[in-house]
Every structure is written in C-alpha cells, then in structure tokens.
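Data first, discussion second: the structure below is written as structure tokens.
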Amino acid sequence: MEIPYTINARPDTGLYNAKLGIWLFLASEVMLFGGLFSAYILLRVSQPPGGWPHGWLDVRLGTVNTLLLALSAITTLLAWAACKVREFGKFKFFHACTILLALTFLGIKSYEYHDKWIHYEIQLTNGKIADGHLLEKSADFDLAKKTGTVTLHGREVENHSELMDLRSPEAQSAKLDEMTIAAADIKKMENYGPRHNTFTAIYFTLTGLHALHIFGGTLVIFYLWGPGSKLYKTDPERFTNRIEVSGLFWHFVDLVWIFLFPVLYLT
Amino acid sequence: METTVQQFPPFRESPAPHGHDSHDDHGHGEHHEPNFWSKYIFSTDHKVIGIQYGFMALCFMLFGFFLMLLMRWQIAHPAMPVPFFGPILERILGQPAAGGAISPELYNSFGAMHGTIMVFLGVVPLAFAAFGNYVVPLMIGAPDMCFPRINMASFHAFFLGGVVMLVSFFIPGGAAQAGWTSYSPLATTIPTNGQAFWLVGMVLLITSSLLGAVNFIATIIQLRAPGMTWMRLPWFVWAQFVTAFILLLAFPPLEAAGVLQLMDNVAGTSFFLPTGLAVGGQLADRSGGGSPLLWQHLFWFLGHPEVYVLILPAMGIVIEVIANNTRKPIWGYKSLVYSVLGVGFLSFIVWAHHMYLTGMGQKIATFFQATTMMISVPSVIILTCMFLSLWGGAIRINTPMLFALGFLPMFGIGGLTGLPLGLAACDLYLHDTYYIIAHFHYVVAPGTIFALFAGVYFWFPKMTGRKMNEFWGRVHFWCSFAFMNIVFMPMFVQGIKGMLRRMSDGGINYSAARVPNAIDALPGTAMQMNGVILWAAICLGIAQIPFIINLFWSISHGEKVGTNPWRATTLDWQTPTPPPHGNFAHEPHVTHGPYEYSVPGAAEDFTPQNAPVEKNATPAPAAH
Amino acid sequence: MSELKTAKPHDAPLTGESEPHAHAVNLNSYIRLCAVVFVVVLCTTAAMIATSFAHIGAGNDWTLKVALILSIAVVNAFLVAGYLMHLLSEKKLVYTVLIFTVFFFIGLVGLTMWAMHDFPPGTASH
C-alpha cells in the first residue's frame, strides 16, 4: 500500500498531507516566536521608566529589509503560481528573485550586527561615559595591563541615561567626534552585544533566530530551484506542492518580520 | 480461521508485498535485501522506528532508575560510601564521588538528571513515540506514518539529545544540577557547563517531539482508512492525537525559554537574571533587568501539559487492554472522547499552580486554582469510564490486564492526592515537600509505567509472533505493585510531616535527633521511613529483572501464537505478524466500531473493525 | 537542461496531471493581486514609521504609540497571511488549528502578565 494523499487532497479535509503538515509546523512556530515575543513583552513591561532604550536600531535599514522580505514573499507566491500554470521559466525567474532578495536581507542584517559589535560603551574612571563606534585599537592596547589607546567615533556623556533614548532631541542633535581614550582611563568597556542589556539580548536572540529561519528557508528554496527542480519534469504536480509548502514557510518567516520590525525598530 | 504467521522482514524501499507468480520477471532483482544500516538504524518504517524508540527508552528508564537508587542510598545513609558501586563511581566521576560517597553536588546532578531522563528520555519516548509509532498507523489502517523520513529524523534527534544528556555526566563540573526544572538564576550561576549541555539536549529532544507531533496529527487526520470515522477510532488513537497537539503547541515556548537560558549561560545575557544579582557574595557582572519568574512561566507553560503527555497515552493503553479483556465495549466512549479533548484544552491554562509560592496575588492564584479544579473533572470521567467498563464484563486475567487493573487504583491515588495541591491554600504548606514527590510518582510510576508494561505484554505478540511468559509476567506485576506502594506511600507521610524535596542529606540535619528543641523538626518515624524506602526501591529494581529476561527470552523462546491471540477487534490485530512493510496488502474498509465485543447474534465474541457487514447481526448499542 | 529552456509555456500538461485551468490559476491576475498587496504593504510600513516618529501620547509614554503601530502591523500581517498564504480561502481544519494556537498564545502572554502584576498588597513590585 502506498501512502495516500501525497499529491491529491483527501476529500473530507480538502488538504494534501504536506500542506496539513506545514500548517501544523507553522502553528508550533507561532508558539516558538510567540514565546520569544512574550519574553520581550514581559521584560520590557517590567523595566522601570527610562530603562528601555529607543532608537538604537537604524530604521532605514530595517525598512529596506522589510520591503525586501515583502517583495520576496510576493515572488514566492508568483513562483508557485507559475508552477501551477506550468510555466517553468517564470518559476525559475521568480524564485531566483526570492533567493537574491533573501541573501540581500541577510547581508544587511550582518552589517547591522557588525555595527552593534563595534559600538562600544566605555565607562571612564572620571565617571563619564564614552559611547561610539570603534575606529581602531592601538597595537599595544591591553585593558588588563592598562596600556595603549582606543579611538572611537562617538560622544561623551555624563551618565548612562543619556544613551537610552536616541530619538530624543538631545541625542539627535549631539555631535559625534573622533575620540582617543587611553586604556588607563577605562573602568569598563563593553560593546552593544547581547550581554549589554536586555534590549540587545532580546534583539540579537529574536533577529538571530529569525535569520536562522531565513537561512534555512533560503537553502530549501535554493535546493528546489536548483537540483530539486528536476522533479518538475517527472511529476510537476508533486513539485508544485513542494513549492507551495516551502512558500508557506517563507511567508511565515516574513510574517514574523512584520512584527519584529515595528517591535524592535519603531517602538 | 487464524492465518499462519509470516516472517516478513521490514524492507526499506519495497512497495506492498507482491505475489510470487511466474510472470513477476523483475521481482526480486530490484528489491534486494537492504543492509543492516538501512534496515535497523536508518529505517523509515514506523514499526522499526517504534521499536527503536521503545528499546532506547527502556534503557534510559533503567539508567534513570539506577540514578534514583544511588540517591535513595544517600538519603538513607548520608555521606556513607555506596556499597559496591561507590569505588566505580569514584573511578568514573572523580572528586564528586570522593571516597565512594555521593557529594551534595553529585546528588543534585543525579536528581536533576533522574527527572529529565525519566520524563524526556524514558516515559514520553516510550508512551508517545514508541507505542504511538508502532500502533497508531496499524490501528487506523494506514500503510505508514504520513511523513516517514521526518519520522526517522525525529528518532535521530531524540537519540542525539540522549547522547548529549549522558555525555554531560563526564564533563568537568558534571551534569546539570538545577533540577529538571532548571530554574534561573541557579541554572546560570552554577559553575558547570552541564547546564548548557542540558539545554542543548533539551532543544534536540523538543525538536524530536515537535517533528513527531506533526507526523502523528497529520497521520491520524489524513491516513484513516475508508470507513474509519472519528467516532470509530480506538480511544488509544484519540489519546495519542490529543497528546500530539499538546506537544505541538506547548513545547515551543520551552524551546524559546531554553534558547534564552542558553544565551544567559553562554553569551552572558540576563534574560532571567534580576538586577543586583549577587553570586558568592559578589555583585555579578551582568546587565540585569531580567526576570527569574519569566523562566518559571515559560517552563511550566510546557511543564503542566507535559504531565498530560505522560498520562494520556497510558490511559489509551489501559482502555484498549480493558476492552479486550472484559469482552465488552468500553463504557462511555463519547464521554471519553470529549473528556480527552477537554483535558487537552484545559491543560494549557493551569500551569501556574506550580508557582503558588512565587508571591502571586489572590486573583491570579484563584484563576489557576479554578482551572486546575476544572481539569480534574474530565480526568475523573476518564477514570470512571475505565472502572465502569469492568462492570458486567467477562473479565479475563492475564498479565496485560493485571497491569491495566493495577493502573486504576494507582492513578486514583495519584490523581486524588493532586487535589490538595491544586488548592492554593493547602499547596502553600505542601509545596516542595515529599508529598509532591509521592503525588507525581504515583501518577507516573505505578500509573503510567504500569500501563506501559501492560502495553509491552499486550503488543509483544504482534511484534514477534510469541507471547511473553505468563508466570513471570505475573511475578513482575505483583512484586512491582507491592514495592511501588512501599516506596511511595510513606512519602505522603514524610511530606505532611515537613520533609522537603531535594535535600541531599535526606533531612537528617532537620531531624529531631539533631535539633531536639525545634518545634517542627522531622520526627524519627519520618526519618526511619528513608531506610524502608531504600529497601523497597532495591526490591523494586530486582522485580524488574524477570521482566528484562522475559522480554529478551520470549523473542525466540516464547509461546508461539497466531496473528490475533487476544481476539481483539482493532485493526492492528487484523494484520499479519509482524506486519509487513506497508502493513496492509489491501486498504482495509472499516465497517464497525472499535470495541464490538460480544455483539448479540454474532458468530464470535468479537467483531473486527474491518469485518464484512453481516445482514442479520444486531448492531452494537450506540455509544453513550 | 536544454529541455527546460525550450519548454513552451503553453505545452499541454503531462499525462495524468490535472489541467492547469482546472485550478483557475491565472498568472496575470496573481501578479495584479501581488502588486496591490505590495503597494498596501508599502503604505502600511510608511504609516508605522510615521507613527513612530510622530508626537503622539504624553511625553515619554510610548503606550499609545505602541498600540497604534502594532495595530497597523496586524493589518500588514493579515494581508500577508490572508492573501499570500491563501489563509482567507483555506480549509476549516487549518483555521481551527490556528485559532487554537492564537488562543493559547494569548493565554501565555496574558496570564503571565497578569501573574507578574498581581501582588498581595504591600509586597514588592519591581
């Protein structure tokens, strides 16, 4: 006996197996990202006023990424539609676009991560804080031995709370300069990585897990676009179903970003 | 009437078995015998995968049992070297087992791993993955699970998760020590990588369960044979269906929380670490701003539904065995279906009854108390239907039936002792005492595990064509039943008298002997019970030896039987033994309900679900 | 690979497979639908960004802003899910699973928030 309903729908449910399977999987993914979002909500709500940063992420890059993913969701749908009407050439075109858009998204994301990685908050021994992007470390820079210097492109502030709201008029009008700081004047030096505060922690975790899903989805779509596309010749309906199912996953990943973008970048 | 048993080895790629007629020119050239690896290790056949899960789960359960014995020794004889095993432990683990005695850190890691291994590597894989994988496709008339390759992937994820958990014992610092619940901030500040290993292992196990859940739900919905309507499904399938939904939706928040705690452990974040955390007297170099309560909420959001994952498949097995050995339909099939759906739904909104002591306000505590009390209703309905099914039955006593019958009072005790725990006011006193340990072990150990034993004895003839030895089966049952009760019943008393959980010295530092003037010191009777429990646990372990020998011996020397030795109605018994790849030569057509035993006017005292409809037989009474 | 390049768009479908027309999938109407959806997404994204930078709500209180922005995000999500994932024309079974999922998610967030903000009087807050 062969497994039934792999291509044709079962009459009483109206679904073929893989379609039901992917929706069930997506339901579990809703709970997964939901768990992370719930962590975000609870962590943010339990912060004292002024404890949650604003404006730490570049809205322009986030917007570009949003539009890239939205466009890729559309090319994904059109790739499936092309398969459905048996226009293989168009399918190839649309999914090539999907893959390129996805890779561009990941590229921009990497740039954003890198930007955070080289953004330092340096607590100085005189009580002030230097905050900016690392330009260079001197060859003999050693924090433990207190030798050498670091050069930042940033600003110096009196206390930590001035760094929290980069949307505020004061932060917007602040001038950024090149500053060289001696290791001997540094009390503590930390970049805007996950451990910096709860916002960066949840930012990296949420977007990191999301990026892993983008990466995985891209791999699957690439496989179906490339080596896997030979199934189209022997069993086009089954191939179309695979495109549909992988497309649903891709749309879900876009859906997550639709919430990630406003939550992390705009609020 | 009984067909001869055919030995069909499960081929990997071959379609339904085809005839050996002379026109079959290209017959055996294409379907060469797959090698050992694709037949037993990388099989996509649900029956092989079910047995893989079952075998591994039983091994893990034995290991978890052994961890418990070491803990009980330490409780009864604190700081004394473990007889016989002490030097071995010292050689393997080094400092934590110095002098052959179990140090507090080692005790804590045994405690954490005993719980983790028993729940996630023992009971869930056996109850859900092993029995579910083997039996569900057969019971619904399907050729295999919906997604066989995903099925194989989920087994291997489980296997890897188990390896990671076991390996964690041998890393510097040892295995996880923060309980199976891994509460922050302890789980992040303990100086061992064992916690990180635990989290990675959990992510692998959760992935395995999620893939399995998708498979089960899709299979039950899509692959039911023609005529197998929802209300004709054996209740075992309903139970597995609800269990799969619970796993699908409740596990991911724990996976999310696990990722967050892993970030805390490895990347220095403070998701669950509060501001101002001090470790070892020093302010921790952490950003703070996190919430330890958040971990608890996310953990118990899974943790509570998880206990229904532990019990529902077991209840399914008990229903099947009872129906079969009373030779009458189950009482209240519809009630059972609605109850299991109710349990599944409610299980998602009761979790904070594990957190009554976290400083919750009265309103929220009352909410969770209310839903917890509500969920006891469908659970009791299920147990009641099981009891009522015995009434008027032609009860047949055999080993599976003994274990199924033994389940009933044991689950009754476990469930009833849960009621004071669901009520917030009582729980304030009983929380984190041995009363809790007794309560949940009663439900899982003489509860679920007895049902799983029933399942092993019951389906063994379908897997192997032989029955397990009946005499030793009964010895296994009676000894296990007796010793389980001697192990766990005293713990209720100890708990009420104030003995707390997770005390590596067994409570001796709080005993009346050590602090005679304390009002609430643990009395000598409570302390003496530790010794009794140790002996009962050892005897319980010895009682499993006949089972292990019986299991392996019967594979080749057990009494040979036909394809339906129990004369059962469900489709799993209407296949050859063992079922070939593809299970059914032709798609079964279901014409009867699941428990048509003793139908008036029928020729036999059971009517298989796919039996052709006879014109003159009186139909079975409608399910109520 | 040359067969793929020269495959004509109007070739008859392979034997045994359903007719493309039977599924009433018109590629051009899909492209039109996608164009509309994309334009709406552009607008909603712009609306969210505008709301984020606008002066709404008292001073530093972001609550109203967050509520507005998330409402627009929900509209966005509805479009993607409804049209691009065909959820609006999906089978009841899929709907049912998703409705339960959303219910449990709301339970998770809602009950946890309630639990963390309901204290016995006089006990600590943050």
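Protein chains in written order, with numbering that gives the first Met the number 0: chain E, 0 to 266; chain Z, 0 to 623; chain U, 0 to 125. Heads up, the beta-carbon is just placed ideally off N, CA and C, and yes, glycines get one too.
Could you tell me which of Z:P147, Z:L57, Z:F84 sits nearest to G581 (chain Z), measuring between CA atoms?
It is Z:P147.
With H, G and I counted as helix, E and B as strand and the rest as coil, what does DSSP make of R274 (chain E)?
Since the displayed chain E opens at 0 and closes at 266, residue 274 (chain E) lies outside it and no answer follows.
By DSSP, does H22 (chain U) sit in helix, in strand, or in coil?
The pLDDT assigned to H22 (chain U) is 48, lower than 50, so where the model puts this residue is not dependable; a value taken from the coordinates is nonetheless given after this. It is helical.
Please state if the CB of G411 (chain Z) and the CB of T371 (chain Z) are separated by a distance shorter than 9 Å.
For T371 (chain Z) and G411 (chain Z), no; Cβs fall outside 9 Å.
Going residue by residue through the segment 41 to 104 of chain Z, where are the continuous alpha helix (DSSP H) segments of at least 4 residues, counting only ones entirely within it?
Runs found: 45 to 75, 84 to 92.
Here's a check: name, in chain order, each residue in its chain whose Cβ is nearer than 7 Å to the Cβ of M151 (chain Z), leaving out the five neighbours to either side.
Cβ within range, chain order: F41, S42, T43, I48.
Pull up the distance between the alpha-carbon of P273 (chain Z) and that of V255 (chain E), whole angstroms please.
Going by the C-alpha atoms only, they are around 28 Å apart.
Would you grab the beta carbon distance between F235 (chain Z) and F215 (chain Z) for me? Rounded to a whole angstrom, and I think it's under 8 Å.
Actually they are not in contact, since the Cβ atoms of F235 (chain Z) and F215 (chain Z) sit about 12 Å apart, beyond 8 Å.
On the DSSP letters alone, give me the boundaries of the beta strand (DSSP E) that V349 (chain Z) sits inside.
From DSSP, V349 (chain Z) is part of no beta strand (DSSP E); its letter is neither H nor E.
Flag W61 (chain U) as yes if its beta-carbon sits less than 9 Å from any beta-carbon of chain Z, otherwise no.
Judged by the 9 Å Cβ criterion, W61 (chain U) is not in contact with chain Z.
Does DSSP put I537 (chain Z) in a helix, a strand or coil?
Looking at I537 (chain Z) - three-state DSSP - the assignment turns out to be helix.
Taking only beta-carbon atoms, is G106 (chain U) less than 9 Å away from chain Z?
Closer than 9 Å to some Cβ of chain Z, the Cβ of G106 (chain U) qualifies, so yes.
For I48 (chain U), which residues in chain E fall below 7 Å Cβ to Cβ?
Result: V58, T62, L265.
A129 (chain Z): buried (16+ other C-beta within 10 angstroms of its C-beta) or exposed?
Answer is buried; the Cβ neighbour count reaches 16.
Helix, strand or coil for I105 (chain U) per DSSP?
Helix, per DSSP.
Roughly how many angstroms separate the alpha carbons of R59 (chain E) and S71 (chain E), rounded to a whole number?
If I take the Cα positions, the gap works out to 18 Å.
So, is the C-beta of A80 (chain U) closer than 9 Å to a C-beta in chain E?
Chain E, which has a Cβ nearer than 9 Å to the Cβ of A80 (chain U), makes this yes.
Whole alpha helix (DSSP H) runs in the segment 387 to 445 of chain Z with 4 or more residues, listed along the chain?
Counting only runs of 4 or more, we get 398 to 415, 418 to 421, 423 to 429, 433 to 442.
I'd like the ranges of any alpha helix (DSSP H) spanning at least 4 consecutive residues and lying wholly in the segment 72 to 153 of chain E.
For the segment 72 to 153 of chain E, whole alpha helix (DSSP H) runs of length 4 or above, ordered along the chain, are 87 to 116.
For chain E, check one thing: does any of its Cβ atoms lie closer than 9 Å to the Cβ of V55 (chain U)?
Looking at the sequence itself, residue 55 (chain U) is Ile, so the reference to Val does not match. For I55 (chain U), the answer is no, since every Cβ of chain E falls outside 9 Å of its Cβ.
What residues from chain U crowd round M30 (chain E), counting only those whose CB sits closer than 9 Å?
The contacting residues are T100, F103, F104, L107.
Going by the beta-carbon positions, is the gap between L210 (chain Z) and A141 (chain Z) smaller than 9 Å?
No. Outside cutoff.
For N27 (chain U), count the other beta carbons within 10 Å of its own beta carbon; 16 or more makes it buried, fewer makes it exposed. Which is it?
By the 10 Å Cβ count, N27 (chain U) comes out exposed.
Less than 9 Å between the beta carbons of H76 (chain Z) and L533 (chain Z), yes or no?
Taking 9 Å as the Cβ cut-off, H76 (chain Z) and L533 (chain Z) qualify as a contacting pair.
Within the chosen definition, does the segment 244 to 262 of chain Z reach the segment 186 to 200 of chain Z through at least 3 CB pairs nearer than 8 Å?
Taking 8 Å as the limit for Cβ pairs, the verdict is that the segment 186 to 200 of chain Z does touch the segment 244 to 262 of chain Z.
Which of helix, strand or coil does DSSP assign to Y4 (chain E)?
Y4 (chain E): coil per DSSP, three-state reduction.
By Cβ distance below 6 Å, which residues in the same chain neighbour M526 (chain Z) in space, the five residues on each side in sequence not counted?
Within the same chain, M526 (chain Z) has close Cβ partners S510.
Taking T65 (chain E) as the query, report the chain U residues whose CB atoms sit under 7 Å from its CB, ordered along the chain.
Under the 7 Å cutoff, chain U gives T44.
For I74 (chain Z), is the classification buried or exposed, using 16 other Cβ atoms within 10 angstroms of its Cβ as the cut-off for buried?
Looking at its Cβ environment, which holds 16 or more other Cβ atoms inside 10 Å, I74 (chain Z) is buried.
Taking only beta carbons into account, state which residues of the segment 79 to 90 of chain E come closer than 8 Å to chain U, listed in chain order.
Flagged, chain order: A80, A81, K83, V84, R85, E86, F87, G88, K89.
Would you mind reading off the limits of the beta strand (DSSP E) that contains E254 (chain Z)?
Note, E254 (chain Z): premise wrong, no beta strand (DSSP E); alpha helix (DSSP H) at 234 to 266.
Y231 (chain E) to T239 (chain E), Cα distance in whole Å?
Taking the straight line from one Cα to the other gives about 8 Å.
So S27 (chain E) and L247 (chain Z) are in contact, right, with Cβ under 8 Å, and what is the actual spacing, rounded?
With 8 Å as the limit, S27 (chain E) and L247 (chain Z) qualify as a contact, their Cβ atoms being about 5 Å apart.
Starting from E177 (chain E) and walking both ways along the alpha helix (DSSP H), at which residues does that stretch end?
Not the alpha helix (DSSP H): E177 (chain E) falls in the beta strand (DSSP E), residues 176 to 181.
For G160 (chain Z) versus F119 (chain Z), is the C-beta spacing smaller than 9 Å?
Their beta carbons are under 9 Å apart, which means G160 (chain Z) touches F119 (chain Z) by this criterion.
Which residues in chain U have a C-beta closer than 9 Å to the C-beta of Q361 (chain Z)? List them in chain order.
By Cβ distance, chain U contributes D117, P119.
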